[in-house]
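Before any comments, here is the structure.
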Amino acid sequence: MVKSMDKNDYYKHMFLIAALWNWIISVIMILISIALPSTARDFGMEIPLTWFFYHLMWFFVFILGILLFVISRDLEKYHGLIFIFVIEKLGVFLIGLAYYLMGDVNEGGLLVGVVDLIFGILFLEYLIKIK
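Going by my numbering, the letters in the sequence shown line up with residues 188 to 318, in that order.
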């Protein structure tokens with residue numbers, strides 16, 4: 188019989204999975220843009236004149252993953268930062284949706300935002316449940 192996870196462990200794992208998501212997607216997106224820059228078109232994007240801002244953005248996503256990892260280690264201590272991540276995750280989705288509706292990003296680009304939307308909702312659920 189499988190032992191059920193208590194809520195605190197569940198939330199710690201949730202933030203750890205979010206950290207892994209940030210690390211994996213950022214590394215993949217940077218490596219793909221370096222090895223196969225034409226794949227930008229697969230996400231509905233034009234190939235930029237410089238990849239500087241694109242790589243910088245994904246670097247910050249990676250750094251946010253480190254912060255999510257830190258939060259996963261001590262939810263109570265870093266509770267105040269979680270609301271910032273709710274805003275960040277929902278913002279990523281809303282910006283992605285806006286660019287999708289304008290035709291500047293395709294479904295692949297929107298999918299990244301949908302994953303962040305799910306995390307944003309889960310983070311908000313955590314904040315509501317622990318009140």
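Even for Gly, the Cβ is constructed at its ideal location relative to N, Cα and C.
Bear in mind the structure is a predicted one, so any value in this text is a computation, not a measurement.
Would residue i pass as a contact of residue j if the rule is Cβ separation under 9 Å?
i: Y286; j: G295; result: no
i: W210; j: F249; result: yes
i: I234; j: A227; result: yes
For residue i, which of helix, strand or coil comes out of DSSP?
i: Y265; result: coil
i: E294; result: helix
i: K318; result: coil
i: L218; result: helix
i: E233; result: coil
i: I196; result: Inspection of the sequence shows that residue 196 is occupied by Asp rather than by Ile. Of the three classes helix, strand and coil, the one that applies to D196 here is helix, per DSSP.
i: W238; result: coil
Note down the Cα distance separating residue i from residue j, rounded to an integer number of angstroms.
i: K276; j: I305; result: 8 Å
i: S259; j: L218; result: 27 Å
i: V273; j: I308; result: 7 Å
i: M244; j: I215; result: 13 Å
i: T237; j: I204; result: 31 Å
i: L314; j: L298; result: 25 Å
i: G283; j: L251; result: 18 Å
i: L262; j: H200; result: 11 Å
Would residue i pass as an interface residue toward chain D - the criterion being a Cβ-Cβ separation below 9 Å?
i: L236; result: Annotation note: the requested chain D is absent from the structure, which comprises a single protein chain.
Check whether the Cβ of residue i sits closer than 8 Å to any heavy atom of the ligand SAM, and report yes or no.
i: I212; result: The ligand SAM is not part of the structure shown, which contains no ligands of any sort.
Determine the burial state of residue i: buried for a count of at least 16 other Cβ atoms within 10 Å of its Cβ, exposed for fewer.
i: Y197; result: exposed
i: F270; result: exposed
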